[in-house]
Each structure stands twice: as C-alpha cells, then as structure tokens.
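K.L.:
A single structure is presented below for examination.
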Ligand SMILES: O=P(O)(O)OC[C@H]1O[C@](O)(CO)[C@@H](O)[C@@H]1O
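Numbering (the working numbering), first residue to last: 26 to 408.
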C-alpha cells in the first residue's frame with residue numbers, strides 16, 4: 026500500500042508540495058472569511074504534521090468516516106495510506122470552507138471558479154469547433170478519435186483538435202493499447218447498458234459526453250449510466266452541476282456539430298437513455314474491491330463499465346507499487362462487470378504494461394508513471 030511518509034516520493038510530494046499550492050489557490054478563488062481561512066490553514070498544517078481526527082460527531086458522515094478510518098484515528102497523517110489520506114484531505118477541505126454547515130457557504134463548490142474558467146475558455150470553443158471535422162471521418166476512425174479525446178481529456182491539455190488530425194498523441198505515449206478489444210466487445214454486446222464512471226469536469230467531461238453521445242447514437246449502448254461524484258472532490262472531479270454545465274456548453278456552442286451533441290444528450294436524459302447517478306462511495310477512501318453491495322448490484326449486468334482517470338484506476342487495481350507487468354485482467358477481475366480503464370498516468374500505480382515497454386520507459390530516465398504524458402486503454406473481460 027502506498028503511503029505518504031517517504032520524503033521525495035510522489036505521494037509525499039502531493040501532501041508537502043502540491044497541497045500548499047492548492048490551498049493557496051482555493052483561498053484566492055473565493056472571498057472566504059477569517060474562520061474559513063483559518064480552518065483551511067489548520068488543515069494544511071494538520072495534514073503534514075498532525076494526527077488524524079474524525080469529523081465532528083454532529084457531521085452527517087461522522088459514523089461513516091469512523092468506520093472508514095477505523096485503526097487510523099489518533100495516528101499521524103503520514104501513516105495513513107495515500108489513497109485514504111488524499112480522500113480525507115478533500116473531505117476535510119470541504120468541511121473547512123463550510124460546505125456542509127448550514128450557512129452562507131453551504132453547498133458552495135470551492136473548485137467552481139476553476140471549473141467555470143476552464144469551461145468558458147476560448148480553447149474549449151476551438152475544441153468544439155474541431156468536432157465538425159470528425160463528422161467526415163469513416164465510422165471506425167471517428168470512433169477512435171472520440172475515444173482518444175476522452176482518454177487524453179484526462180490529461181486536459183489535448184482534445185478533439187489533436188485527435189481530428191493524428192488519431193491521438195504519438196503511439197508511444199499509449200503504453201497499453203487495448204482499444205481494439207474494447208470496440209469489439211462493445212460491438213458484441215451492442216445495445217447493452219454501459220456505465221461510464223466520470224473523472225474530471227470541464228475539458229475531460231466534454232469529450233466524455235461526446236463519446237457517450239456517439240455510443241448512444243450508433244446503438245453500441247442502449248442505455249448509459251454516467252456516474253459522478255456526490256460532492257466536490259480532488260479539485261476538478263465532476264458533479265451533477267458540472268454535467269449540467271457541460272451539456273449546456275455543448276448545446277449553446279457556436280459549432281453546429283457540438284450543439285447537436287448537446288441537444289441529443291438533453292433528449293437522452295429526457296428519455297432515460299442517459300441517466301446520471303451518484304453514490305457516496307465515489308468519494309470514499311476505499312478501492313472498488315470494497316464497494317458496497319448496493320453499488321455492486323447497480324453495476325452488475327452492465328455490458329461494460331468505462332472508468333475514467335487516474336484516481337479511478339488506483340481504486341480499481343489497488344493503490345500499490347505493482348510491478349508494471351502485473352496482469353490488468355487479474356487486478357481488475359474483482360469488478361462486477363467487464364471493465365475498461367481510460368487513464369493518463371499521474372501516479373505511481375500501473376499494471377498491464379508489456380515487459381519491453383517497461384524496459385524502454387525505465388531507460389528514458391523520465392518519471393513516466395507520474396508525468397501525465399503517458400496513458401493506457403485497458404480492458405478486463407469476464408469470460
Ligand atoms: O484526475 P485524475 O486523473 O483522477 O488524477 C488524480 C490524481 O491527481 C493526484 O491527486 C495528484 O497528482 C493523484 O494522486 C491522483 O491520482
């Protein structure tokens with residue numbers, strides 16, 4: 026299990042280098058008062074040098090967190106597993122800015138200013154305009170371009186423009202490429218239910234929604250269930266508010282191709298072909314292996330679950346320093362449905378990479394597991 030207590034490690038850097046900057050950005054983005062500001066500063070200090078304390082007894086999720094953190098309360102943050110500690114950090118951050126408390130700040134997403142700025146940016150207009158170029162491509166080529174957009178949207182600096190031209194960033198950036206398996210399985214189960222577990226809002230969620238539209242319009246999916254976070258999480262993770270903002274961004278885009286996608290998604294939600302759902306487990310500090318029975322039952326019977334992003338990947342295969350050649354099918358085999366991961370590599374965890382690819386990546390001397398430059402499309406089928 027990866028922990029945060031090894032100075033110089035990626036996980037240590039998240040708490041000691043990334044979080045201080047993040048906290049400053051959060052405090053600069055909205056005019057919080059002295060109480061909120063002090064609570065945020067306290068959290069930053071606690072999470073690097075303090076001990077773990079559970080949420081207040083009066084908090085709605087006190088009992089839940091007592092259970093999730095059994096054995097950790099009273100111990101230093103540094104001893105907590107990385108995945109657990111990051112999740113709890115975001116829970117405490119919401120607490121600090123008054124997200125849960127009755128009052129003026131209740132329900133105000135501290136990350137909304139970042140998400141809105143990204144969605145409003147001119148870069149998004151350009152990306153959406155590039156969508157129309159994809160309309161002229163042969164079906165399979167278009168499908169691959171949309172899949173690549175959703176994949177590289179997780180890197181959030183590349184999207185339709187690149188995929189329209191070249192079919193995605195260079196092939197060597199994709200360190201495991203099971204796109205063909207994914208498409209053939211979706212073809213085999215044509216018309217089934219596909220679950221998409223979203224990651225980030227903005228420039229990742231937009232291409233996710235375009236891919237969803239493609240799956241529905243082409244009949245590969247009869248129904249799509251899009252899972253989002255129940256509350257703000259890991260800065261840019263998508264919530265229902267973000268889904269609505271993205272659908273609206275598409276619907277009102279100057280590009281007719283994008284606006285048509287927006288209108289179709291709206292109607293798909295009207296008809297129930299596209300359902301957005303959430304569950305407290307999506308903000309839980311646990312791997313999918315430990316998902317509760319009701320969520321497991323929801324996934325069961327789906328033709329495919331598509332999990333987006335780095336955090337979902339860590340939760341799927343387990344937040345461990347696996348040898349990268351470990352089988353993806355085996356580590357993800359516990360998931361109740363066939364599962365596909367579309368993920369750019371932003372943390373140490375990776376499996377399912379061919380030995381010669383690992384040798385090559387290691388020989389580059391670059392932090393290939395964490396730089397966000399590389400990606401995987403991996404599929405575990407239950408056969
Ligand atoms: O948005 P994504 O792709 O899930 O990435 C989240 C990742 O960012 C980090 O919080 C910090 O880089 C990782 O620990 C985490 O896995």
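Quick reminder that beta carbons are idealized off the backbone N, C-alpha and C, glycines included.
Note that this is a predicted model, so its numbers are computed, not measured.
Using the three-state DSSP reduction, which class does residue 129 fall into: helix, strand or coil?
P.N.:
Taking the first residue of the chain shown as position 1, residue 129 is located at position 104. Reduced to three states, the DSSP call for residue 129 is coil.
K.L.:
With residue 202 as the anchor, note down where its alpha helix (DSSP H) starts and where it stops.
P.N.:
For the purposes of this step, residue 202 is taken as the residue at position 177 of the chain shown. That residue, residue 202, is in no alpha helix (DSSP H); its beta strand (DSSP E) goes 199-202.
K.L.:
Reducing DSSP to helix, strand and coil, say where residue 142 ends up.
P.N.:
On the chain shown, residue 142 is found 117 positions in, with the first residue counted as 1. Residue state, collapsed to three classes: helix.
K.L.:
Look up residue 329 in the DSSP assignment and say whether it is helix, strand or coil.
P.N.:
Along the chain shown, one-based indexing puts residue 329 at 304. DSSP places residue 329 in strand when its eight states are reduced to three.
K.L.:
Mind checking residue 241: buried by the 16 CB within 10 Å criterion, or exposed?
P.N.:
Here residue 241 refers to the residue found at position 216 when the chain shown is read from its first residue. Flag for residue 241 reads buried.
K.L.:
Pull up the distance between the alpha-carbon of residue 163 and that of residue 152, whole angstroms please.
P.N.:
For the purposes of this step, residue 163 is taken as the residue at position 138 of the chain shown. For the purposes of this step, residue 152 is taken as the residue at position 127 of the chain shown. Their backbone Cα atoms lie some 20 Å apart in a straight line.
K.L.:
To test your reading of the DSSP string, which unbroken alpha helix (DSSP H) runs of 4 or more residues are found completely within the stretch 70-104?
P.N.:
Here the runs fully enclosed are 87-93.
K.L.:
Could you spell out the range, first to last residue, of the alpha helix (DSSP H) harbouring residue 249?
P.N.:
Here residue 249 is taken as the residue at index 224 of the chain shown, counted from 1. First-last for residue 249: 246-253, but that is the beta strand (DSSP E), not the alpha helix (DSSP H).
K.L.:
Between 211, 111, 373, 75, which lies nearest to residue 248 when the distance is taken from Cα to Cα?
P.N.:
Translated into positions along the chain shown, residue 248 becomes position 223. Among 211, 111, 373, 75, the Cα nearest to that of residue 248 is on 211.
K.L.:
Could you check if residue 76 is buried or exposed, using at least 16 other CB atoms within 10 Å of its CB as the buried criterion?
P.N.:
Locating residue 76 in the chain shown gives position 51, where the first residue counts as 1. Its Cβ having fewer than 16 others within 10 Å, residue 76 is exposed.
K.L.:
Quick one: Cα of residue 124 to Cα of residue 133, how far?
P.N.:
By one-based count along the chain shown, residue 124 stands at place 99. By one-based count along the chain shown, residue 133 stands at place 108. Approximately 6 Å between the Cα atoms of the pair.
K.L.:
So what's residue 166 in DSSP terms, helix, strand or just coil?
P.N.:
Translated into the one-based positions of the chain shown, residue 166 becomes position 141. Correct three-state label for residue 166: helix.
K.L.:
Going along the chain, which residues of its own chain have a beta-carbon closer than 6 Å to the beta-carbon of residue 117, five neighbours each way excluded?
P.N.:
Along the chain shown, read from residue 1 onward, the residue named residue 117 stands at position 92. Once the five neighbours on either side are set aside, the close Cβ partners of residue 117 are 68.
K.L.:
Looking only at DSSP bridge pairs, what is residue 351 linked to?
P.N.:
Residue numbering aside, residue 351 sits at position 326 when the chain shown is read from its first letter. For residue 351, which the question treats as bridged, DSSP gives no partner whatsoever.
K.L.:
From the DSSP secondary-structure annotation, give me the bridge partner or partners of residue 106.
P.N.:
By one-based count along the chain shown, residue 106 stands at place 81. Beta-bridge pairing links residue 106 to 28.
K.L.:
Between residue 323 and residue 317, what straight-line distance do the alpha-carbon atoms span, to the nearest angstrom?
P.N.:
Reading the chain shown from its first residue, position 298 is the one you call residue 323. Reading the chain shown from its first residue, position 292 is the one you call residue 317. C-alpha separation (whole angstroms): 10 Å.
K.L.:
Is it the case that the Cβ atoms of residue 382 and residue 200 are separated by a distance below 9 Å?
P.N.:
To locate residue 382, count along the chain shown from 1; it is residue 357. To locate residue 200, count along the chain shown from 1; it is residue 175. For residue 382 and residue 200, yes; Cβs fall inside 9 Å.
K.L.:
At a cut-off of 8 Å, would you count residue 336 as near ligand 1, judging by its Cβ distance to the nearest heavy atom?
P.N.:
Mapped onto the chain shown, residue 336 falls at position 311. True, at least one ligand heavy atom lies under 8 Å from that Cβ.
K.L.:
Would you call residue 352 buried or exposed, if buried means 16 or more other Cβ atoms sit within 10 Å of its Cβ?
P.N.:
Residue numbering aside, residue 352 sits at position 327 when the chain shown is read from its first letter. By the 10 Å Cβ count, residue 352 comes out exposed.
K.L.:
Please state if the CB of residue 358 and the CB of residue 312 are separated by a distance shorter than 9 Å.
P.N.:
Taking the first residue of the chain shown as position 1, residue 312 is located at position 287. Taking the first residue of the chain shown as position 1, residue 358 is located at position 333. No, the pair does not count as a contact, with Cβ atoms beyond the cut-off.
K.L.:
Starting from residue 237, trace the alpha helix (DSSP H) in both directions and tell me its first and last residue.
P.N.:
The sequence position of residue 237 within the chain shown is 212, counting from 1. That run of the alpha helix (DSSP H) goes 230-242.
K.L.:
Could you give the distance in angstroms between the alpha-carbon of residue 27 and the alpha-carbon of residue 296?
P.N.:
Taking the first residue of the chain shown as 1, we reach residue 27 at position 2. Taking the first residue of the chain shown as 1, we reach residue 296 at position 271. Cα to Cα, the separation comes out at about 44 Å.
K.L.:
What's the C-alpha gap between residue 214 and residue 405?
P.N.:
Within the chain shown, numbered from 1, the residue matching residue 214 stands at position 189. Within the chain shown, numbered from 1, the residue matching residue 405 stands at position 380. Spanning the two alpha carbons is a distance of roughly 15 Å.
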